[in-house]
Each structure stands twice: as structure tokens, then as C-alpha cells.
Amino acid sequence: MSFLIRVIVNALALAAAVWVVPGLKIVAAGEGTMSTVIAYLVVAVIFGLVNALVRPIVKLFSLPITCLTLGLFTIVINALMLLLTSWLTTFTPIELVIEQFWWDAIAGTIIISIVSAVLGLFVKSDSD
Numbered sequence: 001m002s003f004l005i006r007v008i009v010n011a012l013a014l015a016a017a018v019w020v021v022p023g024l025k026i027v028a029a030g031e032g033t034m035s036t037v038i039a040y041l042v043v044a045v046i047f048g049l050v051n052a053l054v055r056p057i058v059k060l061f062s063l064p065i066t067c068l069t070l071g072l073f074t075i076v077i078n079a080l081m082l083l084l085t086s087w088l089t090t091f092t093p094i095e096l097v098i099e100q101f102w103w104d105a106i107a108g109t110i111i112i113s114i115v116s117a118v119l120g121l122f123v124k125s126d127s128d
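Position one of the sequence shown corresponds to residue 1 (full-length UniProt numbering), numbered consecutively onward.
Here you go:
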């Protein structure tokens with residue numbers, strides 16, 4: 001159940017980022033509300049898998065520069081994970097489009113982090 005809740009939180013955070021940042025788009029094959037919801041859920045699953053599998057390795061190798069920048073490089077790492085998600089979705093019928101790295105990916109990452117943190121406060125975890 002925890003995985004499903006995390007996917008829904010990620011999907012809502014992605015929806016907020018797409019709504020706020022004009023250079024982020026999720027393009028689905030079909031049209032309609034249901035296909036849009038499914039598109040956000042699919043991109044959220046891919047984004048969650050990237051964050052679970054790739055991000056810890058990248059964070060480990062970038063630990064010196066992260067310490068040097070007092071943790072601010074983590075924003076760049078998160079933006080790179082969003083770009084990797086965008087690249088991986090090009091192989092699916094649903095695609096996450098990021099127009100510019102510095103504005104769209106960084107701003108999208110910041111919005112996704114804030115929305116995920118706020119929604120995480122309202123969601124009860126399995127350890128509680």
C-alpha cells in the first residue's frame with residue numbers, strides 16, 4: 001500500500017510542476033481525463049524507480065561536490081533524475097517533455113520536492 005501512496009504523491013507533485021512550469025509537459029497518446037491520470041501515474045512510477053535505483057548511486061559519487069556546495073548540488077542531482085525520467089519516457093507512449101535544463105528541470109525539481117514534502121506530512125507511513 002505504501003508504494004501505491006508514494007506513486008500517487010509523486011503523480012500529484014508532477015502535476016503541480018507541470019501546472020506551474022511552462023516548459024514541463026506530459027504528452028499522452030490518447031486524450032481525455034482518464035488517459036491524463038494514467039499518464040501522470042506512469043511517469044510517477046518511472047520517476048520513483050529512477051529515484052530508488054539510480055539516485056543513491058549518483059549521490060554517493062557526487063558526495064564531495066555536494067559537501068563543497070553545502071548540499072545545494074542535490075538540486076542539480078534531482079534535476080538530472082528528472083531528465084533521466086524524461087529520456088526513459090521517450091521509449092513509452094507517454095512522454096515527459098523538458099524544454100530547458102536550467103529553468104524547467106531545476107524549477108520542476110524544486111516544486112516536486114516541496115509538493116512531495118507537504119503531501120508526505122498528510123500521508124501516514126507504514127512505520128507509524
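Heads up, the beta-carbon is just placed ideally off N, CA and C, and yes, glycines get one too.
Helix, strand or coil at residue i according to DSSP, with G and I counted as helix
i: residue 94; result: coil
i: residue 72; result: coil
i: residue 25; result: strand
i: residue 54; result: coil
i: residue 59; result: helix
i: residue 123; result: coil
Exposure label - residue i; buried when at least 16 CB within 10 Å
i: residue 69; result: exposed
i: residue 108; result: buried
i: residue 47; result: buried
i: residue 57; result: exposed
Through-space distance from residue j to residue i, alpha-carbon basis
i: residue 41; j: residue 64; result: 34 Å
i: residue 101; j: residue 124; result: 34 Å
i: residue 81; j: residue 6; result: 17 Å
i: residue 83; j: residue 77; result: 10 Å
i: residue 8; j: residue 38; result: 11 Å
Top-ranked residue by Cα proximity to residue i, from the options
i: residue 29; options: 48, 107, 92, 99; result: 92
i: residue 87; options: 26, 2, 6; result: 26
i: residue 22; options: 76, 120, 96, 122; result: 96
i: residue 16; options: 121, 120, 122, 115; result: 115
i: residue 110; options: 75, 3, 119; result: 75
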